[in-house]
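Undergrad: Using my numbering, you'd call the opening residue of the sequence shown number 159 and step up by one each time.
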Amino acid sequence: MYYYQSWSKTLIRLFLVLCIGVVVGMYIDNMLLALTCLFATLLLYNYAHLYRLTQWLWHSRAMSPPSAPGIWHHIYEGVYYLQRRNRNKRKSLGELVKRFREGSEALPDAVVVIDKQARILWCNRNARIELGLRWPDDNGRRIDNLIRHPKFIEFLESNDAHYPIEIPAPTNPHKTFEYRMMEYGDDQLLLIVRDVSRVSHLEEMRKDFVANVSHELKTPLTVINGYLEVLDTSTANLEGVPPIVAKAIEEMGTQTTRMQALIDDLLILSRIESSSERIFENVIDVDAMLKQIELEAMALNKEKSHKITFKVDGELNVFGVETELRSACSNLIFNAIHYTPANGRIEVIWKRKANGAFFAVRDNGDGIEEKHLRRLTERFYRVDKARSRKTGGSGLGLSIVKHVLHHHNASLEIESKVGKGSEFSFLLPPELIAQELSD
Ligand code: ADP
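(1) Verify the contact flag: Asp598, CB atom, against every heavy atom of the ligand ADP, threshold strictly below 6 Å.
(2) Tell me, to the nearest whole angstrom, how far the beta carbon of Val470 is from that of Ile442; I am working on the premise that it is less than 8 Å.
(3) Taking the C-alpha atoms as reference points, what is the distance between Glu361 and Pro401?
(4) What runs of the beta strand (DSSP E), each 3 residues or longer, lie entirely inside the segment 508-590?
(5) For the pair the segment 499-514 and the segment 459-470, tell me if three or more CB-CB distances fall below 8 Å.
(6) Decide if Ser557 is buried, meaning its Cβ has at least 16 other Cβ atoms within 10 Å, or exposed.
(7) What does a CB cutoff of less than 7 Å around Glu589 pick up in its chain, not counting 5 residues either side in sequence?
(8) Nearest to Gln450 by alpha carbon, out of Glu480, Arg436 and Asn440?
(9) When you compare the segment 430-441 with the segment 397-412, are there three or more beta-carbon pairs, one atom per stretch, that lie closer than 8 Å?
(10) Check whether the segment 240-247 touches the segment 305-317, counting contact only when three or more Cβ pairs, one atom from each stretch, lie closer than 8 Å.
(11) Quickly, what does DSSP pair Arg299 with across the bridge? List them, please.
(12) With respect to 6 Å, is the separation between the Cβ of Val541 and the closest non-hydrogen atom of the ligand ADP below this value?
(13) What's the C-alpha gap between Gln413 and Ser569?
(14) Cα separation between Phe468 and Asp521?
(15) In whole angstroms, give me the CA-to-CA distance for Pro224 and Val237.
(16) Could you tell me which of Ser428, Gln275, Leu251 and Arg292 sits nearest to Ala268, measuring between CA atoms?
(17) Assign Trp216 to one of three DSSP states: helix, strand, or coil.
(18) Helix, strand or coil, according to DSSP, for Ala327 in the structure here?
(19) With a CB to CB cut of under 7 Å and the five nearest residues on each side skipped, what residues in its chain are close to Val388?
(20) Write down the C-beta distance between Gly478 and Pro587 rounded to the nearest angstrom, noting that I regard them as a contact closer than 8 Å.
(21) In chain order, what residues of the same chain have a beta carbon less than 8 Å from the beta carbon of Ser164, not counting five sequence neighbours either side?
(22) Over what stretch of residues does the beta strand (DSSP E) that includes Met339 continue unbroken?
(23) Kindly indicate which residue of Arg300, Ala192 and Ile272 has the alpha-carbon position closest to the one of Gly343.
(24) Helix, strand or coil, according to DSSP, for Leu174 in the structure here?
(25) In this structure, how does DSSP classify Phe258 when only helix, strand and coil are distinguished?
(26) Any heavy atom of the ligand ADP inside 6 Å of the beta-carbon of Ala592?
(27) For Ile466, list the residues DSSP reports as bridge partners.
(28) Measuring only the C-alpha atoms, how far is Gly553 from Arg540?
(29) Any heavy atom of the ligand PLP within a distance shorter than 6 Å of the CB on Leu585?
(30) Would the beta-carbon of Gly555 be found less than 6 Å away from any heavy atom of the ligand ADP?
(31) In angstroms, rounded to a whole number, what distance separates the CA positions of Trp508 and Cys487?
(32) I'd like to check one pair, His496 with Thr549: are the Cβ atoms closer than 7 Å?
(33) When you compare the segment 365-385 with the segment 405-423, are there three or more beta-carbon pairs, one atom per stretch, that lie closer than 8 Å?
(34) On a CA-only basis, which of Thr329, Leu251, Leu254 and Leu215 is nearest Glu235? Give me that one, please.
(35) To the nearest angstrom, how far is the alpha carbon of Glu573 from that of Glu454?
(36) So Pro322 packs on Thr334, CB below 8 Å; how close in whole Å?
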């Protein structure tokens, strides 16, 4: 409203000035001179206000605008209003940034914001203490120049940095840090670093404990088994041995064999868990490996008489740890033999796919209920404990398979339908495929 009023006042004033100019022109009998003088005065007047405006905007320290008549007053007020609005916005934005920084300073983790070129944009107090970053000196520096661990550099360069890594702390080799990275804002990454020394220490202790106990149990069991075998053969030839004794010796023999298998599996599992063998060092002749497993499978299959077919691409070899992959493949094949009712059909497939090397074991057994599928790879998880015990299963087979596949950057897929059968498969990534066998 005020805006229209000031415009109409200005126009009326202009009209009046024009009328005066015309009257003066008529009076002095020189219209051109009178109007030129009039417009020159108007121009000078407006230039004077423009000058005041720029003085106020760029050179004056005064916040409030200078007073001016008519439309110029309106222009000053408009600029002043915009300035105030901007200042308020900046203030509330500053408050927000302050609150965010206070929040992240209170976090128990070290937080670093980096851009896509790995340059540090911001870090919190814990990052300065735990990672040894200096602020603001390290602002704009590449983080991989400051944290030099090869695993960290690999983690930073990989396109898939969603999985956390654990490496020793840059400032203290006795501490273990877990690094996580996630996309943040436009083209920024948030690096969250957490001290997991205690957890990894406990995990190490657990692994060592299982490995040591299994190892320590192995010797006495071998001795007991040896004596039981001797007793078994000698009592078999003796007359008058009560049947209960013969039965007890036989049962003790079976149970010690089971315990030995269990300990062997525990040892394999703890070896794979702490395996630091490099997967890209050796090429596995998968065809030869599967032929060997096929022979063992045929021997195991005598009782069950399944029809087992191997469809193997003989040219497809992969990088990996042979003992581990052999253990994974044989576990899947032997499980199919054990858990498929007699005279079933089992198919073993090894072939190249567009996205990697594919291995699968299909059977037409009883299948597994949906509710068990998620838990099958847990240690000692069995669908039917009694049945698994009869097959001599330790409940560790699929756990071993899971760890082997993790070590080879793959994962186990299980598809199963009750009454139809199951398929256990995995896909090794294309980088692991070796074109030709190295000599
Ligand atoms: P186990 O040593 O008892 O065989 P695993 O970890 O190898 O332990 O397998 C876990 C459970 O998964 C088994 O007890 C069995 O119930 C189920 N299972 C594994 N393979 C098959 C299969 N091919 N068909 C049906 N059930 C299976």
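Beta carbons: idealized from backbone N, C-alpha and C, even for Gly.
TA: The answer reads as follows:
(1) Any question about residue 598 goes unanswered here, given that the chain covers just 159 to 597.
(2) Within the sequence shown, residue 470 is the residue found at index 312, counting from 1. Within the sequence shown, residue 442 is the residue found at index 284, counting from 1. Going by Cβ atoms, the distance from Val470 to Ile442 rounds to 13 Å, so no, they are not a contact pair.
(3) Locating residue 361 in the sequence shown gives position 203, where the first residue counts as 1. Locating residue 401 in the sequence shown gives position 243, where the first residue counts as 1. Roughly 48 Å separates the two Cα atoms.
(4) 514-521, 570-575 and 579-586
(5) yes
(6) As a first step, residue 557 must be located in the sequence shown, where it is residue number 399. Classification for Ser557: buried.
(7) Looking up residue 589 in the sequence shown gives position 431. Once the five neighbours on either side are set aside, Glu589 has no close Cβ partner at all.
(8) In the sequence shown, the residue the question calls residue 450 occupies position 292. Closest option to Gln450, Cα to Cα, is Glu480.
(9) no
(10) no
(11) Working through the sequence shown from its first residue, we reach residue 299 at position 141. Answer is none; Arg299 lacks a bridge partner.
(12) Numbered from its first residue, the sequence shown carries residue 541 at position 383. At least one heavy atom of the ligand ADP is nearer than 6 Å to the Cβ of Val541, so yes.
(13) Here the question's residue 413 lines up with position 255 in the sequence shown. Here the question's residue 569 lines up with position 411 in the sequence shown. Straight-line spacing of the CA atoms in Gln413 and Ser569 works out to 33 Å.
(14) Within the sequence shown, the letter at position 310 stands for residue 468. Within the sequence shown, the letter at position 363 stands for residue 521. So the two alpha carbons sit approximately 12 Å from each other.
(15) Taking the first residue of the sequence shown as position 1, residue 224 is located at position 66. Taking the first residue of the sequence shown as position 1, residue 237 is located at position 79. The straight-line gap from Cα to Cα measures roughly 12 Å.
(16) In the sequence shown, counting from the first residue as 1, residue 268 sits at position 110. Checking every option, the nearest Cα to that of Ala268 belongs to Arg292.
(17) Start at 1 with the first residue of the sequence shown, and residue 216 comes out as number 58. In this structure, Trp216 counts as helix in the three-state DSSP scheme.
(18) As a first step, residue 327 is located in the sequence shown; it is residue number 169 there, counting from the start. Correct three-state label for Ala327: coil.
(19) Sequence index remark: in the sequence shown, residue 388 carries index 230 (1-based). So no residue of the chain qualifies.
(20) By one-based count along the sequence shown, residue 478 stands at place 320. By one-based count along the sequence shown, residue 587 stands at place 429. At roughly 11 Å, the Cβ-Cβ gap does not stay under 8 Å, so Gly478 and Pro587 are not in contact.
(21) Taking the first residue of the sequence shown as position 1, residue 164 is located at position 6. Gly228, Ile229, His231 and His232, listed in sequence order.
(22) Taking the sequence shown and counting its residues from 1, one reaches residue 339 at position 181. That run of the beta strand (DSSP E) goes Thr334 to Tyr342.
(23) Against the sequence shown, residue 343 aligns to sequence position 185. Out of Arg300, Ala192 and Ile272, Ile272 has the C-alpha closest to the C-alpha of Gly343.
(24) Working through the sequence shown from its first residue, we reach residue 174 at position 16. Helix.
(25) For this step, residue 258 is matched to residue 100 along the sequence shown. It is helical.
(26) Position 434 of the sequence shown holds residue 592. Checking the Cβ of Ala592 against the ligand ADP gives no.
(27) In the sequence shown, residue 466 corresponds to position 308, counting from 1. According to DSSP, residue pairing for Ile466 in a beta bridge involves Ile504.
(28) For this step, residue 553 is matched to residue 395 along the sequence shown. For this step, residue 540 is matched to residue 382 along the sequence shown. For Gly553 and Arg540, the distance between alpha carbons rounds to 6 Å.
(29) Looking for the ligand PLP in the displayed structure turns up nothing; the ligands present are the ligand ADP.
(30) The residue given as residue 555 occupies position 397 in the sequence shown. Indeed, a heavy atom of the ligand ADP lies less than 6 Å from the Cβ.
(31) On the sequence shown, residue 508 is found 350 positions in, with the first residue counted as 1. On the sequence shown, residue 487 is found 329 positions in, with the first residue counted as 1. Rounded to the nearest angstrom, the gap between the Cα atoms of Trp508 and Cys487 is 10 Å.
(32) Taking the sequence shown and counting its residues from 1, one reaches residue 549 at position 391. Taking the sequence shown and counting its residues from 1, one reaches residue 496 at position 338. Inclusion of Thr549 and His496 in the CB contact set at 7 Å is warranted, their separation being smaller than that value.
(33) yes
(34) Counting from 1 along the sequence shown, the entry for residue 235 is found at position 77. When only C-alpha atoms are compared, the closest one is Leu215.
(35) Numbered from its first residue, the sequence shown carries residue 573 at position 415. Numbered from its first residue, the sequence shown carries residue 454 at position 296. Rounded to the nearest angstrom, the two C-alpha atoms are 25 Å apart.
(36) Position 164 of the sequence shown, counting from 1, holds the residue named residue 322. Position 176 of the sequence shown, counting from 1, holds the residue named residue 334. 12 Å between Cβ atoms; not a contact.
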